[in-house]
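K.L.:
Number 46 in the working numbering belongs to position 53 of the sequence shown; there are no gaps in the numbering. Note that CB positions come from ideal geometry on N, CA and C, so glycine has one too. Structure provided below as structure tokens; questions to follow.
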Amino acid sequence: MTSAWIASTGNSSSKSNYWTTTQSLLAVGALIATTASIYIVSTRHRARPTKTDDDIYDGDTSSSPSSTDNAQLLPSHIQREIYKLRQRKSKIPLISMKKPMYDNVYMLDQERELLCTISMKKARWYINKGIAEWSTFQNGTTTANIGNDAKCIRLLFAHSGRNRQRPSSNNTSIEQQTTTTTSSERLYLCSTKRNICVSCGKSDHHIRHYIVPYAYRTLLPKQYKSHMSHDIVILCPECHLDCERLTKRRMKDMEYELRMNDMRRKSEENDDIGLAYYNTIDPVIDDPKLGQVRSCALALLKWKATMPQEQVERYEMIVRTYLASNVCTDDEEKKLTILNRTGGMELTKLQLQHAINVKYRTKNPNYIPGAEIVIQSLNGEDRRIELFIREWRTFFIKTVHPQHMPLGWKVDNPVVCGSRDTDDDENDDDDERVGGDNDSRGVVKTW
């Protein structure tokens, strides 16, 4: 009996060992299969490009990191993002600046002291007018970090800012000349501007970025935008896209808040006036009935074969009713033919296209652009406008975190250019000057 018990115990222990070994093998097999699956998926997965990718804007939109078969395995929303990325890449050469923003031509006064940097276009304008000549830096001046072939012009007249405080040492470098002054504004005017993205330092495919949004800037009084390059900087396409996304969100919030405040104030005065003001919010007015006709015709033209029959009949009736009442109002027989969906006549592509092209959206004549509301809220007060501009400068710094801003650029720098000793009407237009260098305050204004 004892021997039988020992034998049974041995059999049970051997079975236990057998199942333990089997479970271990199954676990190892499952682990290997999981690892292999992860490897296959990772090798076939298309990694989304980031800012660190050097070739993200190489202009080649036909190539793709993954094949068409692999792309079809991705979810539809990811495929849409890939498509939008390719479209964005293809447009980069079109929207980027075709030439450097800064030419860094140095303007000297009659005594060969540095005043500011200007664009090559403006330098040629001075030369052609006969009020300046091509020149070099004064003797003993070290052109450190500039190069001996730096482009300079020298004014042939005494400018109004000659008595302003400025460095006067004859044997100092230009960097020392600009840093010895206590004015960060002058440091900004005289410093060399690098043609790189002020955020990440990228050196190609630049986009001109307005720190104060252009929609607002163009409505500001002339003195706040004429000859003012301080709030126009360089960004690469990706940094510009990120900044614009947050900028538009802030603009939308500002405009919405001002609209609501104005509407509440007008409603307290008169309900009818408040309701009329509400009609100024939307730039367009949509006709819901015509919009329904258009959407039904579009669905029938593209997806009729996959739609339920009841839905097809309902959509067709909506389109037929529109065509009968708006297309053939004089021919009663033709109107009945269109309305008769049981007569065997299907809607033609031409009829559906006519319904799709219906003008369901019209401009709102009472619409007031948000930019106008924002600028009107400043009431033309210099103090409020100055605060408005400085708030946008602060927003830019906190949003973009730029690492390569021009030397001397500060949030507290002046928002209005100084007085001029001559009228430069030819270059007063703000749009014309965009793309040049800095202006000179207290001198003939340039950019």
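(1) How would you label S76, buried or exposed, when you count the other beta carbons within 10 angstroms and need 16 or more for buried?
(2) Looking at H223 and H202, is the spacing between their C-beta atoms short of 8 Å?
(3) Could you spell out where the alpha helix (DSSP H) holding S69 opens and where it closes?
(4) If we ignore side chains and look at the alpha-carbon of each, how far apart do A151 and I120 end up?
(5) Just how far apart, CA to CA, sit T13 and E74?
(6) Using CA coordinates, which residue listed in Q302, Q285, K295, T27 is at the minimum distance from I311?
(7) Using alpha carbons as the reference points, say which of L371, K92, I349 lies closest to K114.
(8) Quick test of the definition: if touching needs 3 or more C-beta pairs under 8 Å, does the segment 281 to 298 touch the segment 393 to 412?
(9) Report buried or exposed for Q344, applying the criterion of at least 16 other Cβ atoms within 10 angstroms of its Cβ.
(10) Count Cβ pairs between the segment 401 to 408 and the segment 383 to 390 that sit closer than 8 Å; are there 3 or more?
(11) Could you tell me if I88 is buried or exposed, where buried requires 16 or more neighbouring beta carbons within 10 angstroms of its beta carbon?
(12) Between L400 and V409, what straight-line distance do the alpha-carbon atoms span, to the nearest angstrom?
(13) So C109 packs on C183, CB below 8 Å; how close in whole Å?
(14) What I want to know is whether the C-beta of K356 ends up closer than 7 Å to one or more non-hydrogen atoms of the ligand FAD.
(15) Considering only DSSP beta bridges, list what E126 is partnered with.
(16) Beta-carbon within less than 6 Å of A208's beta-carbon, same chain only, minus the 5 sequence neighbours each way: which residues are those?
(17) Which residue or residues does DSSP assign as beta-bridge partners of M113?
(18) From V305, T299, N372, P230, pick the residue whose C-alpha is nearest to that of K84; which is it?
(19) Is the beta carbon of I227 sitting closer than 8 Å to the one on H199?
(20) The beta strand (DSSP E) that contains H347, what's its start and end?
(21) Return the CA-CA distance between Q216 and K297, expressed in angstroms with no decimal places.
(22) What are the start and end residues of each continuous beta strand (DSSP E) run of 3 or more residues lying completely inside the segment 352 to 378, in chain order?
(23) Given a threshold of 16 other Cβ atoms within 10 Å of its Cβ, counted over all protein chains shown, does T240 qualify as buried or as exposed?
(24) Find out if the Cβ-Cβ distance for the pair I378, L371 is shorter than 8 Å.
(25) Which residues in the same chain as K295 place their Cβ atom closer than 8 Å to its Cβ, once the five residues preceding and following it in sequence are excluded?
(26) By the three-class DSSP mapping on this structure, what secondary structure does L251 have?
(27) Return yes when the Cβ of Y308 is within less than 8 Å of the Cβ of L293, no when it is not.
(28) Mapping the DSSP letters down to three states, classify L66 as helix, strand or coil.
(29) So, for I278: in the same chain, excluding its five sequence neighbours on each side, which residues have a beta-carbon less than 6 Å away from its beta-carbon?
(30) I'd like the span of the beta strand (DSSP E) that includes V305, first residue to last.
(31) In whole angstroms, give me the CA-to-CA distance for R242 and R376.
(32) What first and last residue would you give for the beta strand (DSSP E) that runs through R201?
(33) Give the range of the alpha helix (DSSP H) segment to which L101 is assigned.
(34) Could you say which of L340, A23, E306, V305 lies nearest to A317 if we only look at CA atoms?
(35) Return the bridge partner residues of V226 from the DSSP annotation.
P.N.:
The answer reads as follows:
(1) Locating residue 76 in the sequence shown gives position 83, counting from the first residue. Checking the sequence shown, residue 76 turns out to be Tyr, not Ser. Y76 is exposed by the Cβ-count criterion.
(2) Stepping through the sequence shown from its first residue, residue 202 is reached at position 209. Stepping through the sequence shown from its first residue, residue 223 is reached at position 230. Contact flag unset, no.
(3) What you label residue 69 is simply residue 76 of the sequence shown in a count that begins at 1. Note, S69: alpha helix (DSSP H), 69 to 88.
(4) Position 158 of the sequence shown holds residue 151. Position 127 of the sequence shown holds residue 120. If you draw a straight line from the Cα of A151 to the Cα of I120, it is about 16 Å long.
(5) The residue labelled residue 13 in the question sits at position 20 within the sequence shown. The residue labelled residue 74 in the question sits at position 81 within the sequence shown. Near 49 Å, if we compare the C-alpha coordinates of E74 and T13.
(6) Translated into the one-based positions of the sequence shown, residue 311 becomes position 318. Selected option, being the one with the closest Cα: Q285.
(7) Within the sequence shown, numbered from 1, the residue matching residue 114 stands at position 121. Considering only alpha carbons, the answer is K92.
(8) Segments in contact, no.
(9) Here residue 344 is taken as the residue at index 351 of the sequence shown, counted from 1. Buried is the label assigned to Q344, since at least 16 other Cβ atoms lie within 10 Å of its Cβ.
(10) The answer is yes - the segment 383 to 390 touches the segment 401 to 408, with three or more Cβ pairs under 8 Å.
(11) Taking the sequence shown and counting its residues from 1, one reaches residue 88 at position 95. Flag for I88 reads exposed.
(12) Position 407 of the sequence shown, counted from the start, is the residue given in the question as residue 400. Position 416 of the sequence shown, counted from the start, is the residue given in the question as residue 409. Straight-line measurement puts the Cα of V409 at about 19 Å from the Cα of L400.
(13) For the purposes of this step, residue 109 is identified with residue 116 of the sequence shown, where counting begins at 1. For the purposes of this step, residue 183 is identified with residue 190 of the sequence shown, where counting begins at 1. Indeed they touch by this definition, with Cβ atoms about 6 Å apart.
(14) As presented, the structure is devoid of all ligands, the ligand FAD included, so that no description of it is given.
(15) Indexing the sequence shown from 1 puts residue 126 at position 133. DSSP, once it has assigned bridges, lists R147 as partnering E126.
(16) Looking up residue 208 in the sequence shown gives position 215. A distance below 6 Å between beta-carbons, with the five flanking residues on each side excluded, links A208 to the following residues of its chain, in chain order: A364.
(17) Locating residue 113 in the sequence shown gives position 120, counting from the first residue. According to DSSP, M113 bridges with nothing at all.
(18) Reading the sequence shown from its first residue, position 91 is the one you call residue 84. Looking at the Cα atoms, P230 is the closest of the given residues.
(19) The sequence position of residue 227 within the sequence shown is 234, counting from 1. The sequence position of residue 199 within the sequence shown is 206, counting from 1. Yes; because the gap between Cβ atoms is below 8 Å, this pair is in contact.
(20) Taking the first residue of the sequence shown as 1, we reach residue 347 at position 354. Where H347 is concerned, there is no enclosing beta strand (DSSP E), although the alpha helix (DSSP H) it sits in stretches over 342 to 349.
(21) Against the sequence shown, residue 216 aligns to sequence position 223. Against the sequence shown, residue 297 aligns to sequence position 304. C-alpha separation (whole angstroms): 60 Å.
(22) Listed in chain order, the complete beta strand (DSSP E) runs (minimum 3 residues) inside the segment 352 to 378 are 354 to 356.
(23) Taking the first residue of the sequence shown as 1, we reach residue 240 at position 247. With 16 or more neighbouring CB atoms inside 10 Å of its own CB, T240 falls in the buried class.
(24) For the purposes of this step, residue 378 is taken as the residue at position 385 of the sequence shown. For the purposes of this step, residue 371 is taken as the residue at position 378 of the sequence shown. Yes. Within cutoff.
(25) The residue labelled residue 295 in the question sits at position 302 within the sequence shown. Nothing meets the Cβ criterion.
(26) As a working note, residue 251 is residue 258 in the sequence shown. Helix at L251.
(27) Along the sequence shown, one-based indexing puts residue 293 at 300. Along the sequence shown, one-based indexing puts residue 308 at 315. Their beta carbons are under 8 Å apart, which means L293 touches Y308 by this criterion.
(28) To locate residue 66, count along the sequence shown from 1; it is residue 73. When secondary structure is reduced to three states using DSSP, L66 falls in the coil class, being assigned neither helix nor strand.
(29) Taking the first residue of the sequence shown as 1, we reach residue 278 at position 285. Apart from the 5 residues on each side of it in sequence, I278 sits with its Cβ closer than 6 Å to the Cβ of T355, N357 in its chain, given in chain order.
(30) Here the question's residue 305 lines up with position 312 in the sequence shown. From DSSP, V305 is part of no beta strand (DSSP E) but of the alpha helix (DSSP H) over 302 to 319.
(31) Against the sequence shown, residue 242 aligns to sequence position 249. Against the sequence shown, residue 376 aligns to sequence position 383. Approximately 25 Å between the Cα atoms of the pair.
(32) Reading the sequence shown from its first residue, position 208 is the one you call residue 201. Following the DSSP letters along the chain, one finds R201 inside the beta strand (DSSP E) bounded by residues 200 to 203.
(33) Translated into the one-based positions of the sequence shown, residue 101 becomes position 108. In the DSSP annotation of this structure, L101 is not part of any alpha helix (DSSP H); the continuous beta strand (DSSP E) holding it starts and ends at 98 to 101.
(34) As a first step, residue 317 is located in the sequence shown; it is residue number 324 there, counting from the start. Of L340, A23, E306, V305, the residue nearest in Cα terms is L340.
(35) As a position in the sequence shown, residue 226 is number 233, starting the count at 1. H202.
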